[in-house]
Amino acid sequence: MKIERISNTYKRHPSWANMSADHPAERASWIWASAEGEQRWSVIRFRLDIVLNEDAAFPFHISADQRFQLYVNKELVALGPDRSDVNHWSIASYMAELPAGDYCFEVIAWWLPENLAPMAQMTHRPGFIFAGEGMWTGRLNTGEAPWLACDLSPAIDCQEQSVPGYHAVGPEFHFNMELIHDGHRAVPTEVVRRGLEPERFGTRAPGWRLHPTIMPEQNVELWFGGRVRAVRDAFLGTSISAAEAEGKTSLVQSWDSLLQNQNGLKLDSGSCHEVIIDFEQYLCGYPYLEVEGGSGASIRVDWAESLFEETDSSNVTLSTTKGHRGTVIDKCFVGLGDAWIICGQRNVLPALWWRSGRYLRIRIQAADEPIHVNRIGIRTTGYPFNNEASFDCDYKEFLESWPIQVAGIQQCAHEQWVDCPYYEQLSYVGDNICELAFYCLTRDDLITKRCLELFDWSRQDGGLVAERYPSAYRQDSFTYALLYPRLLREQAYWRDDADFISERIPGLRALMEECLYWRNSNGLIGKVPGWSFIDWVESWDEGCGPGVRDGDSSLVNLHLLFALKDYADIENGYGEEFFANRALSLLEEIGQNLKERYWCSEMSLMADDSAKESFSEHAQAWSILSGILTEKEQQSCLEAWLKQQDQLAPMSIYFSYYALDAFYKMRADDAFYERLSFWEELPRLGFTATPERPEPSRSDCHGWGAHPIYHAFSSIAGIRPVSAGFNRVHISPMPGALSFINIRMPHPKGMIHLEWKRTENREEYNIKLPTGVAGIWERNNQRQEFTDSLSGSCELSGAVTVS
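Written as structure tokens, this is what we have:
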């Protein structure tokens, strides 16, 4: 049996959606199960049995609102749909190659109400659709084929999670396995929307507008491992003692053996077990527990990114520190998860949604008979990430943090980029900026393109993209909307996909016009709607710097300058010269107005507000990068920034992305490498992924914390595109005190190789580009244009040899 997701070739302009059945799935009906009485949530098991008298190969298409899990003959083959909105509801296509025989297609579909569903989950109403093509429509299509339904909702309880800080990943699920296996709740299916008929008068059918997903199937693998950190015979909310953490009893050894998938474990009737498991890495996935016997026993599995430095879990708050992430002694566990009541049959316990973290707490209360735990593991899930790059240099401390940074990116890659897998699982524009490190690691850009099209689809009313999307509750941010052009510009320059960028240009133009609408009579942006988040600074108002909420902010206007510059680059590359020239003209005009209002020439600093009472690192970095300062002013601004750094509002991990960019532009080696010192400390603090912010940090896995990977390639190695489509490459390393740099970086047409080394009085370099790609080498006041490859050396006294 072979079933794989396939690329969908069905394309149409969104304006035709729901007017005719252009996609094979649109000929099928959406169905659900009839339910008795009022239900707050709905979990339905759909089943279709088919008999193949001979080998067969056929495509099929599937989706559900909100989620589905597809099993064929009890084997998990697909998860979905990829998150989107109702107007672009994801439909995935698969090719099945099946030998002759009997097959059971089983789909677990679930729907949660607004107050329980994950924030990133949008919905129209409960529904399920499955469709074949050609001769297979009658045998497979919902509404036509004999799909059966079983209502599992009474067997599953949903309860709100309770962890410190904002979290929006959905409820904890409580499963009653006795009711799950009760086969007497078969219910009839009902059609909730019939297949589409051709519409000649421009009337759209309401509800889901199917849109073929561009995403690959999420990578799902069964993982076993980790080690036991503590075992208790009672459910306690107190901190772990040294004796509990360091005990090497036979029971601990048995649990360790179970984790390595070596031996099962029998737990006596009436016994109570609390086990803390350390994966020693950050994982995202579904808990995998295979149990047998033990009817009436309860099992609960909770996840945590770290344990908290507190004696009692009831005292843990958002400000509670976690200390070294690898220690458990004198710390307590607070987490989120799911629970099961066991029925006695041999089962792999069901799980409807994935969790994340480094630690697992398993609590088992046996009932009147022993329970056998045969296997414990994690069914890991995430975007199928293929790391093609390599980076090596003699910066040992930074390289030690490299796996942590890669994990920060990888564990935030799912159906779209998510800000953090543990707390929110939401895709924010600003977070996506820092995850551009992905361009440096792999040629695969589907996940970034997916986010770009989702943000494009999020535009409503005036044209601003949403701050996060998809999201059941819309959140608007003027500043994050102004970062969208940067996302699109980087895709245009780091990748070569003219059609994709061209499709986004109409929406980009609408966004820019909406942003320009909010200019005051002085030509600058005034008070704007939404949450104009800048950065997490303790002294600021929930991420909004001085003057931001009042409409008097250099930082908001600097966002506009960046957007105009990126917009002009996109129009020059793939749009129209008229719009590019207009953007550049506005850039000059607004830049001059901004400088007159906020630049403090006496201090050589850009103020945050027009009263020139507040100053931040953010304003200095963006002023240098924006180009509104003269070269002399840029240098004086940099010097003033570094001299008065302790007196300026500091940047967080997130905004340090722009500081590193400014330091690279100014060739401020010392400042650049000093800024990386935070990442040097991550291994020594026990992190296994990049955190959201310094201690106390809510999230221990935040993709934006991995942005130094981008700067390793684009600043330390100095490799950057200088034209749309990455057809020209500029290479200008900033090695600081390093003596060698060796990198291998993906390019749309192949790989870029750079070898650079420095001895006491000589530098040597060897560059290989993909065939036909033009390059510019710039180093030690020397500039050399070349194609394909370049080798050379430089006496530090000035003599240059090039081949």
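If you're matching positions, the sequence shown starts at 319 in the numbering used here and goes up one per residue. Glycine residues also receive a C-beta, built at the ideal position from the N, C-alpha and C atoms.
{"Query": "Residue ranges of each beta strand (DSSP E) run of no fewer than 3 residues wholly in the region 360-413, ordered along the chain?", "Result": "360-370, 374-383, 385-390 and 393-398"}
{"Query": "Using only CA atoms, which one of N494, L801, P489 and I532 lies nearest to L882?", "Result": "L801"}
{"Query": "At which residues does the beta strand (DSSP E) containing Y701 begin and terminate?", "Result": "That residue, Y701, is in no beta strand (DSSP E); it is neither H nor E in DSSP."}
{"Query": "In whole angstroms, what is the alpha-carbon distance linking A984 and H936?", "Result": "The identity of residue 984 in the sequence shown is Met, whereas the question assumes Ala. So the two alpha carbons sit approximately 16 Å from each other."}
{"Query": "Determine which residues share a DSSP beta bridge with E1103 and list them.", "Result": "I1094"}
{"Query": "From what residue to what residue does the beta strand (DSSP E) around W348 run?", "Result": "W348 to A351"}
{"Query": "Are three or more beta carbon pairs between the region 691-701 and the region 538-554 nearer than 8 Å?", "Result": "yes"}
{"Query": "Would you report the Cα separation of D859 and D868, rounded to the nearest angstrom?", "Result": "12 Å"}
{"Query": "Just to confirm before moving on: does the CB-CB distance between F604 and W672 stay below 8 Å?", "Result": "The residue asked about is misnamed: residue 604 is Tyr in this sequence, not Phe. Result yes, Cβ atoms of Y604 and W672 sit closer than 8 Å."}
{"Query": "Taking the continuous alpha helix (DSSP H) assigned at D884, which residues delimit it?", "Result": "S872 to Y892"}
{"Query": "Can you list, in chain order, the residues of its chain with a C-beta nearer than 7 Å to that of D853? Leave out the 5 residues immediately preceding and following it.", "Result": "G861, H936, M969, S970, Y972 and F973"}
{"Query": "Cα-Cα, which of A925, E856, V691 and S1050 is closest to V874?", "Result": "A925"}
{"Query": "Keeping to the same chain, check which residues put their C-beta closer than 8 Å to that of W735; ignore five residues upstream and five downstream.", "Result": "S745, D749, N750, E753, I765, T766, C769 and G1021"}
{"Query": "Let me know if M413 comes out buried or exposed under the rule of 16 or more other beta-carbons within 10 Å of its beta-carbon.", "Result": "exposed"}
{"Query": "How about D774 and R822: do their beta carbons lie closer than 8 Å?", "Result": "yes"}
{"Query": "Here's the rule: buried if 16 or more other CB atoms are within 10 angstroms of the residue's CB, otherwise exposed. What is L829?", "Result": "buried"}
{"Query": "At a cut of 8 Å, does the region 576-589 reach the region 632-644 through at least three beta carbon pairs?", "Result": "no"}
{"Query": "Quick check: the region 718-732 against the region 993-1007, are at least 3 beta-carbon pairs closer than 8 Å?", "Result": "yes"}
{"Query": "When you compare the CB positions of L879 and I843, do they come within less than 8 Å of one another, or not?", "Result": "no"}
{"Query": "Can you name the residues that DSSP bridges to L678?", "Result": "I595 and W621"}
{"Query": "Below 8 Å, how does it come out for the region 358-368 and the region 327-342: are there three or more Cβ pairs, yes or no?", "Result": "no"}
{"Query": "Check the DSSP bridge columns for E920 and list the partner residues they point to.", "Result": "According to DSSP, which records beta bridges pairwise, E920 is partnered with nothing at all."}
{"Query": "In its own chain, which residues sit with a C-beta less than 6 Å from the C-beta of P534, not counting the 5 before and 5 after it?", "Result": "P702"}
{"Query": "Between the region 785-796 and the region 1046-1064, are three or more C-beta pairs nearer than 8 Å?", "Result": "no"}
{"Query": "Where P1051 and R1097 are concerned, what is the direct C-alpha to C-alpha distance, given to the nearest angstrom?", "Result": "7 Å"}
{"Query": "Provide the residue span of the alpha helix (DSSP H) that contains S572, from first to last.", "Result": "S568 to L577"}
{"Query": "From what residue to what residue does the alpha helix (DSSP H) around H937 run?", "Result": "Reading off the sequence shown, one finds Ala at residue 937, where the question assumed His. Start and end: E935 to S944."}
{"Query": "Tell me the rounded alpha-carbon separation between G565 and V549.", "Result": "8 Å"}
{"Query": "Exposed or buried, what is P417 when buried is set at 16 or more other beta-carbons lying within 10 Å of its beta-carbon?", "Result": "exposed"}
{"Query": "Would you call R676 buried or exposed, if buried means 16 or more other Cβ atoms sit within 10 Å of its Cβ?", "Result": "buried"}
{"Query": "With C-beta atoms as the reference, is C758 less than 8 Å away from L1056?", "Result": "no"}
{"Query": "Q953 to H1029, Cα distance in whole Å?", "Result": "21 Å"}
{"Query": "Do L943 and C955 come within 8 Å of each other at the CB atom, strictly closer than that value?", "Result": "no"}
{"Query": "Can A1007 and Y600 be called in contact, C-beta distance under 8 Å?", "Result": "yes"}
{"Query": "So, are the CB atoms of R401 and W428 less than 8 Å apart?", "Result": "no"}
{"Query": "What are the partner residues of F423, as DSSP defines its beta bridges?", "Result": "L366 and V390"}
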